[in-house]
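Chemist: Let me begin by handing over the structure; questions about it come next.
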Amino acid sequence: MPEPGVGLIFQNPGFVDLQNLNFNYSPDSPCIDSGNPNLSDSDGTRRDIGANIYSNSILGDCNTDNELSVLDVVYLINNCVLGSSNACSCSDINNDGSSNVLDVVTLVNIILSY
């Protein structure tokens, strides 16, 4: 049997709700930031073990102030949809592979649902 090391653990992976098939990581999961140290996840941290990427950020919080507001919509439009910035990690809010007006609509709907 292999020894524990990079990308290999012998402990509970810390899924949110295994019984209901929610395989997202809980905040204390040993899989978070325990993957290949030479690779980074999209949030800039060390690669996680497994297919899911753990992030404690709020979906749509483009200006990273830990709140969802119209300021995030303005940031998304100016910097990610109209701009050419590659630093827009929040831009593909609807997860379709591109940054466009549909992401703005999705963000507005998220904000209105709160």
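So that you can map any letter, position 99 of the sequence shown is 141 in our numbering, and since no number is skipped, the others follow by simple counting.
Every residue gets a Cβ at the ideal spot worked out from N, C-alpha and C, and that includes glycine.
Keep in mind it's a predicted model, so treat the numbers as computed, not measured.
Going by CA-CA distance only, name the one from Gly102, Asp83, Pro79, Leu101 that's closest to Ala93.
Modeler: Looking at the Cα atoms, Asp83 is the closest of the given residues.
Chemist: For Pro55 versus Pro69, is the C-beta distance shorter than 9 Å?
Modeler: Cβ atoms of Pro55 and Pro69: not closer than 9 Å.
Chemist: Below 8 Å on the Cβ atoms is my contact criterion, and I expect Ser141 with Ser133 to pass it. Report the Cβ-Cβ distance as a whole number of Å.
Modeler: Rounded, the Cβ-Cβ distance is 4 Å, consistent with contact.
Chemist: Between Asn66 and the ligand FMN, is the CB less than 8 Å from at least one heavy atom?
Modeler: For the ligand FMN, the structure offers nothing, since it holds no ligand at all.
Chemist: How would you call Gly102, buried or exposed, if buried means at least 16 neighbouring beta carbons within 10 angstroms?
Modeler: Buried, by the Cβ-count rule.
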